[in-house]
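Chemist: Numbering (the working numbering), first residue to last: 3 to 222.
#1: Under 6 Å Cβ to Cβ from residue 137, same chain only, skipping five residues before and after it: list those, please.
#2: Between the alpha carbons of residue 201 and residue 35, how many angstroms are there, rounded?
#3: Do you know whose CA, among 131, 77, 73, lies nearest residue 146's CA?
#4: Just to confirm before moving on: does the CB-CB distance between residue 208 and residue 168 stay below 9 Å?
#5: Return the CA-CA distance between residue 141 and residue 149, expressed in angstroms with no decimal places.
#6: Go through its chain and collect everything with a Cβ distance to residue 33's Cβ below 6 Å, but skip five positions before and after it.
#7: Tell me, to the nearest whole angstrom, how far the beta carbon of residue 203 is from that of residue 187; I am working on the premise that it is less than 8 Å.
#8: From the DSSP output, read off the bridge partner residues of residue 105.
#9: Tell me whether the region 87-100 and the region 108-127 touch, counting them as touching only if at least three CB pairs, one residue from each stretch, are closer than 8 Å.
#10: Would DSSP call residue 190 helix, strand or coil?
#11: For residue 88, which of helix, strand or coil comes out of DSSP?
#12: Confirm, please, whether the CB-CB distance from residue 170 to residue 162 is below 9 Å.
#13: With distances taken from CA atoms, which of 99, 173, 133 is nearest residue 85?
#14: From this set, 165, 104, 197, which residue's C-alpha is nearest residue 70's C-alpha?
#15: Please classify residue 195 as buried or exposed, where buried requires at least 16 neighbouring CB atoms within 10 angstroms.
#16: What residues match up with residue 199 in a beta bridge as DSSP calls it?
#17: Report whether the distance from the Cβ of residue 204 to the nearest heavy atom of the ligand COA is below 8 Å.
#18: Just confirm the distance between the C-beta atoms of residue 154 and residue 107, as a whole number of angstroms; I'd bet it's less than 8 Å.
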């Protein structure tokens, strides 16, 4: 998993590197030697306003994969609605149209379409902005779906659960851990959503089962 341990020790002056397997993942513990006059210590760094996915600085697996909030049943969606929601994002991304370099997170409902959309170079930031917009607008998050232009990692599922949204759709694939958290949180996770179909990774009961049998969607 970590490649050549001896090479790592030489490159980073690691004194000890341990892998501790736990039920929910692998914890890596390292001890670094302090070398007098090391050039790495001559270059001081200080991040006054750290940003990221929310995992930076977490020192335990338990904190990283905290149980997500349990969402309510919410409403169901047809495969056509899922694909319409995915296709509706691109024309509403002005920054991405100009730069082709940012992600988007949107909230979509059958009655209103895209209710809110936020862009950012970071997929986590885009979702954070969307969550804030939904909270400020006092929109019922259980009546729509979160649609993402990115892959789905565990913290994206946790944030969607915190919003109270029962369905999330993404154009790319989810991690195995994200799927597990989505199952535990009661979230319908739809991913690899493209013009030719999509895959349902958890709680397919919110998707029209007849359409799934017809081959419009695939249950992973």
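For every residue, glycine included, the Cβ atom is placed at its ideal position computed from N, Cα and C. Small disclaimer: the values here were computed from a predicted structure and weren't measured.
Modeler: In short, the structure shows the following:
#1: none
#2: 47 Å
#3: 77
#4: yes
#5: 16 Å
#6: 17, 18
#7: At roughly 13 Å, the Cβ-Cβ gap does not stay under 8 Å, so residue 203 and residue 187 are not in contact.
#8: 122
#9: yes
#10: strand
#11: helix
#12: yes
#13: 173
#14: 165
#15: buried
#16: 196
#17: Ligands are entirely absent from the displayed structure, and the ligand COA is therefore not among its contents.
#18: Contact flag wrong, Cβ pair sits at about 11 Å.
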